[in-house]
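Novice: This is the structure I have questions about; it appears just below.
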Amino acid sequence: MFLAIFPLALAVFALADPSLFLPWLGLTVGLLLVVGLDALLLPRKGTIEVRRRMPSEVGVGASFQMRLTIGNDGNNGVSGKLYDILPPELDGPRDALKFSVDPGEEETWTLDFEALDRGQYDFDKVTLVTPGPLKLMSRVLRVKAEGTVAVIPGVEILRSNELILKAARDADAGLTRARGVGRGGEFESLAPYVPGDPPQSVDWKAYARTGTLAVRRYIPERRRHVMLACDAGRLMGTRVGGKRKVDLALDALSKLAAAALQRGDLVGLMIFDGEVQTLIPPKAGSGQLARIVRASLGVEPRHSETAFTTAFVRMNHALGRRSLVVLATDFDNEAQGWELQRNIAQISRKHVAIVAAMRDPVYHEAVAAPVEDLHGAYRQLASLTLLEERYNILARIHAVGVHTIDAEPSELTGPLLNLYGKVVTSGKL
Numbered sequence: 183m184f185l186a187i188f189p190l191a192l193a194v195f196a197l198a199d200p201s202l203f204l205p206w207l208g209l210t211v212g213l214l215l216v217v218g219l220d221a222l223l224l225p226r227k228g229t230i231e232v233r234r235r236m237p238s239e240v241g242v243g244a245s246f247q248m249r250l251t252i253g254n255d256g257n258n259g260v261s262g263k264l265y266d267i268l269p270p271e272l273d274g275p276r277d278a279l280k281f282s283v284d285p286g287e288e289e290t291w292t293l294d295f296e297a298l299d300r301g302q303y304d305f306d307k308v309t310l311v312t313p314g315p316l317k318l319m320s321r322v323l324r325v326k327a328e329g330t331v332a333v334i335p336g337v338e339i340l341r342s343n344e345l346i347l348k349a350a351r352d353a354d355a356g357l358t359r360a361r362g363v364g365r366g367g368e369f370e371s372l373a374p375y376v377p378g379d380p381p382q383s384v385d386w387k388a389y390a391r392t393g394t395l396a397v398r399r400y401i402p403e404r405r406r407h408v409m410l411a412c413d414a415g416r417l418m419g420t421r422v423g424g425k426r427k428v429d430l431a432l433d434a435l436s437k438l439a440a441a442a443l444q445r446g447d448l449v450g451l452m453i454f455d456g457e458v459q460t461l462i463p464p465k466a467g468s469g470q471l472a473r474i475v476r477a478s479l480g481v482e483p484r485h486s487e488t489a490f491t492t493a494f495v496r497m498n499h500a501l502g503r504r505s506l507v508v509l510a511t512d513f514d515n516e517a518q519g520w521e522l523q524r525n526i527a528q529i530s531r532k533h534v535a536i537v538a539a540m541r542d543p544v545y546h547e548a549v550a551a552p553v554e555d556l557h558g559a560y561r562q563l564a565s566l567t568l569l570e571e572r573y574n575i576l577a578r579i580h581a582v583g584v585h586t587i588d589a590e591p592s593e594l595t596g597p598l599l600n601l602y603g604k605v606v607t608s609g610k611l
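When we follow the working numbering, the leftmost residue of the sequence shown carries the number 183, and every step to the right adds one.
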């Protein structure tokens, strides 16, 4: 600004005193030459390269590192600031990065981020502001620094056999190694008859061969069909501890899928809100776990009301045989509770069902908080009323033969795996 104002002021004086014209002309030409030289020495787009490195997939709430490297292929040193446009769903540093790179050298930054929301985030270009050697001119460059990170609930389990085995062990905590006499499942062995064994369990062919009464013993069938259903409606989009309920539910269901597939079951997944957004039929194999975990990436957060009837009708058509249906959902009024109860009762006529209700911790926090004013009293009364309604709805669902869980979202995985273990050894599938 000073270099621009000074010639202008001198031009005003030159109008009054013509003897100042030549000094003004020389100063102006010299200034233009200096500015032109600085502009010529500005770094060009092809001489600067920026590379971006980060994981291709991370879990919701997981921390990860992004590495940005700037390289100088020009003949002169380059310095300035790098500006990167980041989605709000990635929590991390957003300040401009200062750099100064000599010819043929590189500079690298390692930035720590936390993935807040499910989705795929693509990066295209960064903006570089680079001044010339004399700091009179600056060039703004848009340089490619492409990269993609997919934030997926439960994706960590795809990269860790230890997490899969842990999920299987947690399921085994609820699994009693049941060997039933005369029960459905896979035949295991013959055992001597003891008083009290049902007569229909006697193996008469074995008696004909040996002359001794023996009964058939069974273990529960291994290749069970398990259909996981996740509600992605309005209530499941609320946040608990910074994470959305639907993402916490998908994380828990992913661990259940890993445990069930590890035990040889066929597992499928349905994600729905006002309509079914994705439906994966039950299959076995390690590839099925990857399909289930990554299926949530294509589910759009539309915050619509949940329609249980539409979802359950379509799911029932997709299940060709008796299956274990595990539903992760939430409700906040009697109308939703009645719709859920009616539909889950219909499903339970053919299938074994588990309803995992994700309770918002704010209810119990309000009940436990000391009442210091009228507002606190009303808040506590409202929480107690909602908890009572919730208890009554789950009690009615349980009364029709459906297994129920009422847990805070962050504490769902353990009870869900434990209940799965109990159900698969109950002989009902």
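Positions of the beta carbon are idealized from the N, C-alpha and C atoms, including for glycine.
Based on the DSSP secondary-structure assignment, which residues constitute the bridge partners of Gly534?
Specialist: Sequence check: residue 534 is Val here, not Gly. Per DSSP, Leu506.
Novice: What does a CB cutoff of less than 6 Å around Leu279 pick up in its chain, not counting 5 residues either side in sequence?
Specialist: Counting only Cβ-Cβ distances below 6 Å, and skipping sequence neighbours, we find Leu264, Trp291.
Novice: Skipping 5 residues on each side, what residues in its chain have a beta carbon closer than 7 Å to that of Val449?
Specialist: Contacts found: Val408, Leu410, Ala439, Ala442, Leu443, Pro464, Gln470, Ile474.
Novice: Taking the straight line between their C-alpha atoms, what separation do you get for Glu296 and Glu271?
Specialist: Rounded to the nearest angstrom, the two C-alpha atoms are 8 Å apart.
Novice: For Gln518, tell me which candidate among Thr491, Leu501, Arg503 has the shortest Cα-Cα distance.
Specialist: Comparing Cα positions, the closest option is Thr491.
Novice: With a Cβ-Cβ cutoff of 7 Å, do Pro591 and Val422 count as a contact?
Specialist: Closer than 7 Å, so yes.
Novice: Does any residue of chain C have a CB that is nearer than 7 Å to the CB of Pro597?
Specialist: The question asks about chain C, but that chain is absent: this structure has only one protein chain.
Novice: Name the residue from Arg226, Tyr602, Leu395 whose alpha carbon lies nearest to the alpha carbon of Ala353.
Specialist: The residue with the shortest Cα to Cα distance from Ala353 is Tyr602.
Novice: What whole-angstrom Cβ distance do Met236 and Gly301 have, given they're in contact under 8 Å?
Specialist: Rounded, the Cβ-Cβ distance is 15 Å, inconsistent with contact.
Novice: Would you check if the segment 528-539 and the segment 497-514 touch, i.e. whether three or more CB-CB distances between them fall below 8 Å?
Specialist: Short answer: they touch.
Novice: Measure the C-alpha to C-alpha separation of Val605 and Val553 and round it to an integer number of angstroms.
Specialist: Cα-Cα distance, rounded: 42 Å.
Novice: What does the alpha-carbon distance come out to for the pair Asp392 and Pro380?
Specialist: The displayed chain sequence assigns Thr, not Asp, to residue 392. If I take the Cα positions, the gap works out to 20 Å.
Novice: Can you tell me the Cα-Cα spacing of Lys425 and Pro597, whole angstroms?
Specialist: About 20 Å.
Novice: How big is the Cα-Cα spacing for Ala577 and Met540?
Specialist: Distance between the alpha carbons of Ala577 and Met540: 15 Å.
Novice: Pick helix, strand or coil for Met409, following the three-state DSSP scheme.
Specialist: Strand.
Novice: Using DSSP bridges, identify the partner residues of His270.
Specialist: For clarity, residue 270 is Pro in the given sequence; the question names His instead. The partner list for Pro270 (beta bridge, DSSP) is empty, contrary to what the question assumes.
Novice: Nearest CA to the CA of Ala477: which residue from Asp385, Arg484, Phe454?
Specialist: It is Phe454 whose Cα lies nearest to the Cα of Ala477.
Novice: From the DSSP output, in three-state form, read off Lys604 for me.
Specialist: Three-state DSSP puts Lys604 in a helix.
Novice: Helix, strand or coil for His585? Go by DSSP, reduced to three states.
Specialist: Reduced to three states, the DSSP call for His585 is strand.
Novice: For Thr210 and Leu204, I'd like the C-alpha separation in whole angstroms.
Specialist: Using only the alpha carbons, I get a separation of about 10 Å.
Novice: How about Val397 and Val384: do their beta carbons lie closer than 7 Å?
Specialist: Yes, these two residues count as a Cβ contact at 7 Å.
Novice: Which of the three DSSP states, helix, strand or coil, is assigned to Arg365?
Specialist: At Arg365, the pLDDT of 49 sits below 50, so the modelled position is not reliable; the number obtained from the coordinates is stated separately. Coil at Arg365, not helix or strand.
Novice: Quick one: what's got a C-beta closer than 7 Å to Ser201's C-beta in the same chain, skipping five residues either side?
Specialist: So no residue of the chain qualifies.
Novice: So the beta strand (DSSP E) Asp294 belongs to, where does it begin and stop?
Specialist: Asp294 -> beta strand (DSSP E) spans 288-297.
Novice: Going by DSSP, what residue range makes up the alpha helix (DSSP H) through Gln470?
Specialist: Start and end: 468-477.
Novice: Roughly how many whole angstroms lie between the Cα atoms of Leu599 and Val308?
Specialist: Cα to Cα, the separation comes out at about 45 Å.
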